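Taking it in order: structure first as structure tokens, then the write-up.
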Amino acid sequence: MKYSLLTAVVAAALTAGAVTASAHPEAAGPRPELDNLVQREGYPAALLTVEIHGRPVTYTAGVSQIGRPLPPPRNGRVRAGSNTKAFVAVVVMQLVAEGKVELDAPIERYLPGIVRGEGIDGNAIKIRHLLQHTSGLPNYTKYLGLEDIEKARDTYFDPRRLVDVALQQPASFKPGTDWEYSNTGYALLGLTVERVTGRPIAEQVTTRIVERIGLRDTYWPNVGERTIRGPHPHGYARTKDGRIIDITVMDPSWGWAAGQLVTTPADLNGFYGALVSGNLVPAAQLAEMKKTVPAKLWAGARYGLGIMSSPLTCGGVYWGHGGDIHGYETRGGATEDGRKASIGVTAMSGLKNPAEGERNNAAVLSVVDKMLCT
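In mature numbering (1 follows the signal peptide of the UniProt record, and there is no 0), the protein residues as written are -23 to -1, 1 to 351.
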């Protein structure tokens, strides 16, 4: 049955009550901003957790599932997308601190004979380049056929396939001479962690981060696990022919070490807060992670080693990453003085109209900015 996504979402949201909060907001709070994401930007739902002065508050807007007038579950789980990179980067930097990985060593040392191709030489690409997207490696997501989401959702992608499909393409530039986002680098980092530790990257992220700081709602899906455990809002995506479909159930293996995690806004706050405060990596490694270069993502974004800094309108920056994967988009992070805000919406930008994707993304980012500047 065909229907207008925006009409369905707004009608259901009005029935359910557009915004709810898990605690009383101090003032007007983020209600207008979250309503705007649903009613103007076309996201079916938005979930936001803010922590200022140690007091976390979670807000939601929209509906958990299109066609049913129920609000999203408070602190519902969402697919984390590329926030996974920050987790993987932390594991790598912990291994650097332990002397098991060298930041400026070539990837050839850890994965001999794998990184080869036109203009691609594993001896010239350093671990640092992979972490910072300065390797020049082609981005595998461009070559997997992910635009056919109805086929991709049912496809398992082996990690080596992710790497191999990228290495069939020529390098974008010489390592260290430019910046270009590449999921391939993080697939290689995942393989590196597994080679060095002898254990799966999923296990390393779980034991070294998730369990260590008590992230109760964050997990790495098992091979073949297509559903999201626990309470969660449904995620939606636009097909090539313009239909809006429920994409909640999908195989996330194409994300792997670049984007497979499931989490909540509250857990993202916990993770970035722990990272920025020095509770996950030693000071020397955190300082390396915070050495940034300009990133062609959004205004003022700068990319370090697995984390990004984004400017705040009230001055200073916050540290985070953000993630986009079929059905979900997440933004947010933490400031060095302890403010935290993370948001998840239940579609990637451009769901209602692909031409409005940039505006949609800016609207999500503006919510984070306002919460951290309030």
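For every residue, glycine included, the Cβ atom is placed at its ideal position computed from N, Cα and C. Quick caveat: nothing in here was measured; it's all calculated off a predicted structure.
* Asked: If you compare alpha carbons, which of Y117, I84, R172, R189 is closest to P152?
  -> Reading the sequence shown from its first residue, position 175 is the one you call residue 152. Considering only alpha carbons, the answer is I84.
* Asked: Taking the alpha helix (DSSP H) that P136 falls in, what are its first and last residues?
  -> Along the sequence shown, read from residue 1 onward, the residue named residue 136 stands at position 159. Its alpha helix (DSSP H) spans residues 136 to 144.
* Look at V69 and L165 and say whether their C-beta atoms are less than 8 Å apart. => Taking the sequence shown and counting its residues from 1, one reaches residue 69 at position 92. Taking the sequence shown and counting its residues from 1, one reaches residue 165 at position 188. Using a Cβ distance threshold of 8 Å, V69 and L165 do not count as a contacting pair.
* Top-ranked residue by Cα proximity to K268, from H110, Q181, E188, V345 -> To locate residue 268, count along the sequence shown from 1; it is residue 291. Taking K268 as reference, the option from H110, Q181, E188, V345 with the minimal CA-CA separation is H110.
* Asked: Is D81 helix, strand or coil when you go by DSSP?
  -> Indexing the sequence shown from 1 puts residue 81 at position 104. Coil at D81, not helix or strand.
* **Option in E202, K347, N337 with minimal Cα separation from Q16** => By one-based count along the sequence shown, residue 16 stands at place 39. Taking only the C-alpha atoms, the option nearest Q16 is N337.
* Report the three-state DSSP secondary structure of W233 (helix, strand or coil). => Start at 1 with the first residue of the sequence shown, and residue 233 comes out as number 256. In this structure, W233 counts as helix in the three-state DSSP scheme.
* Closest residue to G96 among S112, Y295, R105, K62 (Cα-Cα distance) -> Residue numbering aside, residue 96 sits at position 119 when the sequence shown is read from its first letter. Considering only alpha carbons, the answer is S112.
* Would you list, in sequence order, the uninterrupted alpha helix (DSSP H) runs of no fewer than 4 residues that lie entirely inside the stretch 133 to 209? => Entirely contained in the stretch 133 to 209, the alpha helix (DSSP H) runs reaching 4 residues are, in chain order, 136 to 144, 160 to 174, 178 to 182.
* Name the two residues that bound the continuous beta strand (DSSP E) containing L121. => Here residue 121 refers to the residue found at position 144 of the sequence shown. Boundaries for L121: no beta strand (DSSP E) harbours it, and the DSSP string shows neither H nor E there.
* Asked: Between the stretch 209 to 225 and the stretch 266 to 280, are three or more C-beta pairs nearer than 8 Å?
  -> Not touching, per the Cβ criterion.
* Asked: Which stretch, first to last residue, makes up the beta strand (DSSP E) that contains Y213?
  -> Here residue 213 is taken as the residue at index 236 of the sequence shown, counted from 1. 213 to 215 is the extent of the beta strand (DSSP E) around Y213.
* Of the choices I302, R316, Y280, whose alpha-carbon is the least far from that of C291? -> If you number the sequence shown from 1, residue 291 lands on position 314. The option with the nearest alpha carbon to C291 is R316.
* Asked: Got a sec, what are the start and stop residues for the beta strand (DSSP E) G321 sits in?
  -> Residue 321 sits at position 344 when you count from the first residue of the sequence shown. That run of the beta strand (DSSP E) goes 317 to 322.
* Could you tell me which of A57, N13, E28, A235 sits nearest to A22, measuring between CA atoms? => In the sequence shown, residue 22 corresponds to position 45, counting from 1. Of A57, N13, E28, A235, the residue nearest in Cα terms is N13.
* To do: Would you decide whether residue 412 is buried or exposed? Buried here means 16 or more other CB atoms lie within 10 Å of its CB.
  => Because the chain is modelled from -23 through 351, residue 412 falls outside the range shown and cannot be assessed.
* **Where the alpha helix (DSSP H) through Y305 begins and ends** => If you number the sequence shown from 1, residue 305 lands on position 328. Where Y305 is concerned, there is no enclosing alpha helix (DSSP H), although the beta strand (DSSP E) it sits in stretches over 305 to 311.
* Asked: Under 8 Å, do G236 and I224 count as touching if we go by C-beta distance?
  -> On the sequence shown, position 259 is the one that residue 236 refers to. On the sequence shown, position 247 is the one that residue 224 refers to. In this structure, G236 lies away from I224, with their beta-carbon atoms at least 8 Å apart.
* Range covered by the alpha helix (DSSP H) that runs through P68 -> Numbered from its first residue, the sequence shown carries residue 68 at position 91. The identity of residue 68 in the sequence shown is Val, whereas the question assumes Pro. Run containing V68: 60 to 74, per the alpha helix (DSSP H) assignment.
* Could you spell out where the beta strand (DSSP E) holding D301 opens and where it closes? => Start at 1 with the first residue of the sequence shown, and residue 301 comes out as number 324. If you look at D301, you'll find it in the beta strand (DSSP E) that goes 300 to 302.
* Can you give the Cα-Cα distance for S230 and L192, rounded to whole angstroms? -> What you label residue 230 is simply residue 253 of the sequence shown in a count that begins at 1. What you label residue 192 is simply residue 215 of the sequence shown in a count that begins at 1. Looking at the two C-alpha atoms, the distance is approximately 22 Å.
* Asked: Taking just the CA atoms, how far does L108 sit from V140?
  -> Position 163 of the sequence shown, counting from 1, holds the residue named residue 140. Position 131 of the sequence shown, counting from 1, holds the residue named residue 108. The alpha-carbon separation between V140 and L108 amounts to approximately 15 Å.
* Asked: What's the gap between the Cα of L168 and the Cα of F134?
  -> Sequence index remark: in the sequence shown, residue 168 carries index 191 (1-based). Sequence index remark: in the sequence shown, residue 134 carries index 157 (1-based). The alpha-carbon of L168 is positioned some 14 Å away from that of F134.
* Is P242 near the ligand HEM, judged by its Cβ being under 7 Å from some heavy atom? -> In the structure on display, the ligand HEM does not appear, and there are no ligands present to speak of.
* Can you give me the Cβ contacts of L289 inside the same chain, cut-off strictly under 7 Å, excluding the 5 residues immediately before and after it? => As a working note, residue 289 is residue 312 in the sequence shown. Closer than 7 Å at the Cβ level, and outside the excluded window around L289, lie Y295, D346, L349, C350.
* Asked: Can you tell me whether V341 is buried or exposed, with buried defined as 16 or more other CB within 10 angstroms of its CB?
  -> Taking the sequence shown and counting its residues from 1, the one referred to as residue 341 is at position 364. Looking at its Cβ environment, which holds 16 or more other Cβ atoms inside 10 Å, V341 is buried.
* To do: Would you be able to state if there are at least three C-beta pairs under 8 Å between the stretch 253 to 263 and the stretch 301 to 317?
  => The stretch 301 to 317 vs the stretch 253 to 263: in contact.
* Asked: How big is the Cα-Cα spacing for R172 and A66?
  -> For the purposes of this step, residue 172 is taken as residue 195 along the sequence shown, with counting starting at 1. For the purposes of this step, residue 66 is taken as residue 89 along the sequence shown, with counting starting at 1. One C-alpha to the other measures close to 15 Å.
* To do: Kindly indicate the opening and closing residues of the alpha helix (DSSP H) around S343.
  => In the sequence shown, residue 343 corresponds to position 366, counting from 1. Per DSSP, S343 belongs to the alpha helix (DSSP H) from 334 to 350.
* To do: With DSSP as the reference, please indicate the residues paired to M285 in a beta bridge.
  => On the sequence shown, residue 285 is found 308 positions in, with the first residue counted as 1. Looking at the DSSP assignment, M285 forms a beta bridge with Y280, G297.
* Counting along the chain, where does the alpha helix (DSSP H) carrying Y249 start and finish? -> Walking along the sequence shown from the start, residue 249 turns up at place 272. Note, Y249: alpha helix (DSSP H), 242 to 253.
* Asked: So who's on the other strand from Q42, going by DSSP bridges?
  -> On the sequence shown, position 65 is the one that residue 42 refers to. Beta-bridge analysis with DSSP links Q42 to R45.
* **Whole-angstrom distance between H209 and R45, CA atom to CA atom** => As a working mapping, residue 45 is identified with position 68 in the sequence shown. As a working mapping, residue 209 is identified with position 232 in the sequence shown. One C-alpha to the other measures close to 14 Å.
* Pick from N160, L24, R8 that is closest to G321, judged by C-alpha positions -> Position 344 of the sequence shown, counted from the first residue, corresponds to residue 321. Its Cα nearest to that of G321, the residue L24 stands out among N160, L24, R8.
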